[in-house]
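Enquirer: So for the sequence shown, the UniProt record's numbering puts the first residue at 1; every next one is plus one. In this text, a Cβ means the ideal position worked out from N, Cα and C, and glycines have one as well. It should be emphasised that the depicted structure is a prediction, and the values quoted were computed from it without experimental measurement.
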Amino acid sequence: TNSFDGNIKRKSGEYHSTKGSGRGLGITSVKSTVEKYNGQVEFSHHEHEFYVNIAIPLNEE
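1. Compare the beta carbon distance of Val-34 and Ile-8 with 8 Å and say whether it is the shorter of the two.
2. Using the C-alpha atoms, what's the distance from Arg-10 back to Tyr-37?
3. Could you pull the start and end residues of the alpha helix (DSSP H) that Ile-27 belongs to?
4. Where does Ser-44 fall in DSSP's three states?
5. What did DSSP end up calling Glu-49 once you bin it into helix, strand or coil?
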């Protein structure tokens, strides 16, 4: 959970930062890393909180 000012910036259904460039980890980086490991990522918000849920399968060797 990450708090924010309540302003949501979305373009084509995707979340975008309102903080300016060069801040934070980056949704695109998170998505590509999770997908690289065959995982799933979900972004959502409710009131003044932003949520990220990540699931990455365990590698059982």
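Expert: In short:
1. In the sequence shown, counting from the first residue as 1, residue 34 sits at position 34. In the sequence shown, counting from the first residue as 1, residue 8 sits at position 8. No, these two residues do not count as a Cβ contact at 8 Å.
2. Looking up residue 37 in the sequence shown gives position 37. Looking up residue 10 in the sequence shown gives position 10. Straight-line Cα distance between these residues: approximately 26 Å.
3. Here the question's residue 27 lines up with position 27 in the sequence shown. Run containing Ile-27: 27-36, per the alpha helix (DSSP H) assignment.
4. As a first step, residue 44 must be located in the sequence shown, where it is residue number 44. Here Ser-44 sits in strand by DSSP.
5. The sequence position of residue 49 within the sequence shown is 49, counting from 1. It is a strand residue.
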